[in-house]
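Accompanying notes for the structure given below.
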Amino acid sequence: MTAPDRGPLRHVLLHLLTPLLMCLGMGLAYMSAFVTPEPHDLPVAVVGTDARAQHFAQAVQEKAGDALDVRTLATRAQAVDELKSLDISGAYLPDARTPELLVASAGSDMSALAVQKVFTPVAAEQGTPLKVTDVARPVSDDPTGQGLFFLLVAVSIGSYASVAALGAAGAALRMRARAGLAVGVAFAVSLIGAALAGPVFHLAHHGLWGVWALSWLYSAGILLIGVGLHTFLKRWTTLAMMVLFVMLNFTSSGGLFRPELQDGFFGALHGFWNGAGFVEGVRAHLYFGGHDLGAHVSTLIAWLAVGAVVTAVAALTERRRKTTAPATPAPTGRTDQDEEREEEMEETVAV
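According to the working numbering, the sequence shown is numbered sequentially starting from 212.
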């Protein structure tokens, strides 16, 4: 009696490892970033120059502790400028009759709500209603301002899901051809993103070409990184792309919660990750007069440069492998490599 062949079972278990690791990684990343948002050094201002305003700001800071970073500003106009520069999340104007809170919900609806939660009880203690003024409101078609996050999701999926097709199905092509296709796919993905942001869902009432350009920079960086990584990671490329451009990317983008409402890890990633560069770049372009747009574009260009370097290194590696590999006759029929490529593309489509 012969022993059972454990090869097929081992093969299945190996392929199940990827979705199980994705399950664990997505759960850890999303639940850490989104389940319990709490203010952490949330920048707010009290408007006034007299001793009373200074005392009030100090009292708010002492009561809030590390949750808030309270400062004072001289005038209402200065507070509006700081809000439109995203330097603060809210500004409170004390008044015995009509206290006012200034917010900019286009920067972050969640941050605006967090600031209102802080100052509404303060006005209630005085027995006066709080007037809330939104100095930078998102368009009516995107009342929460979170449409930009879902635009990020759409462009990201179109980008990283195309990597397996370019890496596996295009494995017979030279790296230069695959890189050219990656640039072309990024063009197609960015056009889809611009169409979704413009004529389909009306997230962008102006500046649609700018949204397209940012989408192309973002998508091209992902595609070039993925095509280059495929040379080294093969079927594990899908998992690597999910870690880089979903688990760490969506959670640190600032599309749902700005870094002041997250822990230090995701807040730190927000400073240089490409998803944050895309979301904040589009946000600055559409709502804040291009404030700091150059810095966000630089972030996307840096990721595109990383993709170009990874692709170049992969091309050199493949060339070296070809020169050192022994000559073998051309295979007939299906090979293990053909089956692995098909399995890789099926896994990516399923994800």
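Ideal placement from N, C-alpha and C gives every residue a C-beta, glycine not left out.
### Query
Can you list the beta strand (DSSP E) stretches of 3 or more residues lying completely in the segment 329 to 405, in chain order?
342 to 345
### Query
Does the Cβ of residue 430 have 16 or more other Cβ atoms within 10 Å, making it buried, or fewer, making it exposed?
Here residue 430 refers to the residue found at position 219 of the sequence shown. By the 10 Å Cβ count, residue 430 comes out buried.
### Task
Check residue 280 in the structure and name its three-state DSSP category.
Position 69 of the sequence shown, counted from the first residue, corresponds to residue 280. Of the three classes helix, strand and coil, the one that applies to residue 280 here is strand, per DSSP.
### Query
Pick from 468, 351, 262: whose alpha carbon is nearest that of residue 578?
The chain is shown from 212 up to 562; residue 578 falls before or after that span and cannot be answered.
### Task
Would you identify the three-state DSSP class for residue 470, choosing helix, strand or coil?
Residue 470 sits at position 259 when you count from the first residue of the sequence shown. In this structure, residue 470 counts as helix in the three-state DSSP scheme.
#### Entry: Cβ neighbour criterion (16 or more within 10 Å) applied to residue 421
The sequence position of residue 421 within the sequence shown is 210, counting from 1. Buried: at least 16 other Cβ atoms inside 10 Å.
### Task
State yes or no: is the C-beta of residue 315 within less than 8 Å of the C-beta of residue 342?
Within the sequence shown, residue 315 is the residue found at index 104, counting from 1. Within the sequence shown, residue 342 is the residue found at index 131, counting from 1. No, they are not a contact pair.
### Message
Out of 228, 484, 393, which one is the CA nearest neighbour of residue 437?
### Response
Taking the sequence shown and counting its residues from 1, the one referred to as residue 437 is at position 226. Nearest C-alpha to residue 437: 393.
#### Entry: Pairwise C-alpha distance: residue 484 and residue 387
Reading the sequence shown from its first residue, position 176 is the one you call residue 387. Reading the sequence shown from its first residue, position 273 is the one you call residue 484. Approximately 26 Å between the Cα atoms of the pair.
### Task
Counting only runs of 4+ residues fully inside the segment 405 to 448, write out the alpha helix (DSSP H) ranges in chain order.
419 to 444
### Query
What residue does the beta strand (DSSP E) around residue 301 start on, and which one ends it?
Here residue 301 refers to the residue found at position 90 when the sequence shown is read from its first residue. Here the beta strand (DSSP E) through residue 301 covers 301 to 304.
### Query
What are the boundary residues of the beta strand (DSSP E) that includes residue 253?
In the sequence shown, the residue the question calls residue 253 occupies position 42. First-last of the beta strand (DSSP E) with residue 253: 253 to 258.
#### Entry: First and last residue of the uninterrupted alpha helix (DSSP H) at residue 314
Taking the first residue of the sequence shown as position 1, residue 314 is located at position 103. From DSSP, residue 314 is part of no alpha helix (DSSP H) but of the beta strand (DSSP E) over 311 to 314.
### Query
Looking only at its own chain, which residues have a Cβ that is under 6 Å from the Cβ of residue 278, when we skip the five neighbours before and after it?
Against the sequence shown, residue 278 aligns to sequence position 67. Around residue 278: 250.
### Task
Could you please give the first and the last residue of the uninterrupted alpha helix (DSSP H) stretch that includes residue 249?
Residue 249 sits at position 38 when you count from the first residue of the sequence shown. Per DSSP, residue 249 belongs to no alpha helix (DSSP H) and is neither H nor E.
### Query
Going by the beta-carbon positions, is the gap between residue 313 and residue 471 smaller than 8 Å?
Start at 1 with the first residue of the sequence shown, and residue 313 comes out as number 102. Start at 1 with the first residue of the sequence shown, and residue 471 comes out as number 260. Cβ atoms of residue 313 and residue 471: not closer than 8 Å.
### Query
Do residue 344 and residue 311 have their CB atoms nearer than 8 Å?
Position 133 of the sequence shown holds residue 344. Position 100 of the sequence shown holds residue 311. Their beta carbons are under 8 Å apart, which means residue 344 touches residue 311 by this criterion.
### Query
Just to confirm, are residue 459 and residue 480 a CB contact at a threshold of 8 Å?
Here residue 459 refers to the residue found at position 248 when the sequence shown is read from its first residue. Here residue 480 refers to the residue found at position 269 when the sequence shown is read from its first residue. Cβ distance < 8 Å, so residue 459 and residue 480 count as in contact.
### Task
Determine contact between the segment 330 to 341 and the segment 358 to 376, defined as no fewer than three beta-carbon pairs at a distance below 8 Å.
Too few Cβ pairs lie closer than 8 Å, so no.
#### Entry: Residues near residue 322 in its chain [Cβ-Cβ closer than 6 Å; skip 5 each side]
Counting from 1 along the sequence shown, the entry for residue 322 is found at position 111. Excluding residues within five positions, the ones whose Cβ falls inside 6 Å are 300, 469.
### Query
Are the Cβ atoms of residue 463 and residue 487 separated by less than 8 Å?
Taking the sequence shown and counting its residues from 1, the one referred to as residue 463 is at position 252. Taking the sequence shown and counting its residues from 1, the one referred to as residue 487 is at position 276. In contact: residue 463 and residue 487 (Cβ atoms closer than 8 Å).
### Spatially closest choice to residue 457 from 223, 218, 233, by CA coordinates
Counting from 1 along the sequence shown, the entry for residue 457 is found at position 246. Checking every option, the nearest Cα to that of residue 457 belongs to 233.
### Query
For the segment 434 to 449 against the segment 349 to 357, are there 3 or more C-beta pairs whose distance is under 8 Å?
no
### Query
Do residue 308 and residue 339 have their CB atoms nearer than 8 Å?
As a first step, residue 308 must be located in the sequence shown, where it is residue number 97. As a first step, residue 339 must be located in the sequence shown, where it is residue number 128. Result yes, Cβ atoms of residue 308 and residue 339 sit closer than 8 Å.
### Query
DSSP three-state call for residue 229: helix, strand or coil?
As a first step, residue 229 is located in the sequence shown; it is residue number 18 there, counting from the start. In the structure shown, residue 229 sits in a helix (DSSP, three-state: H, G or I).
### Query
Smallest Cα separation from residue 577: which of 275, 504, 302?
A question about residue 577 goes unanswered here, because the residues of the chain that appear run from 212 up to 562.
### Task
Indicate whether the contact test is met: 3 or more Cβ pairs, each with one atom in the segment 437 to 450 and one in the segment 396 to 415, closer than 8 Å.
no
### Query
Hey, how far is the Cα of residue 229 from the Cα of residue 482?
Mapped onto the sequence shown, residue 229 falls at position 18. Mapped onto the sequence shown, residue 482 falls at position 271. Taking the straight line joining both Cα atoms gives about 29 Å.
### Query
Thinking C-beta only, is residue 416 closer than 8 Å to residue 490?
Translated into positions along the sequence shown, residue 490 becomes position 279. Translated into positions along the sequence shown, residue 416 becomes position 205. Against a cut-off of 8 Å, the Cβ pair of residue 416 and residue 490 comes out as no contact.
### Message
Between which residues of its own chain and residue 348 is the CB-CB distance below 7 Å, once the five residues before and five after are set aside?
### Response
As a first step, residue 348 must be located in the sequence shown, where it is residue number 137. The residues are 316, 317.
### Query
Which residues in the same chain as residue 477 place their Cβ atom closer than 7 Å to its Cβ, once the five residues preceding and following it in sequence are excluded?
The residue you call residue 477 lines up with position 266 of the sequence shown. If we look at residue 477 and ignore the five residues flanking it on each side, its Cβ neighbours are 244, 462, 463, 470.
### Query
What is the residue span of the alpha helix (DSSP H) that residue 292 lies within?
Taking the sequence shown and counting its residues from 1, the one referred to as residue 292 is at position 81. Segment 287 to 295, the alpha helix (DSSP H) holding residue 292.
### Task
Decide if residue 535 is buried, meaning its Cβ has at least 16 other Cβ atoms within 10 Å, or exposed.
Here residue 535 refers to the residue found at position 324 when the sequence shown is read from its first residue. By the 10 Å Cβ count, residue 535 comes out exposed.
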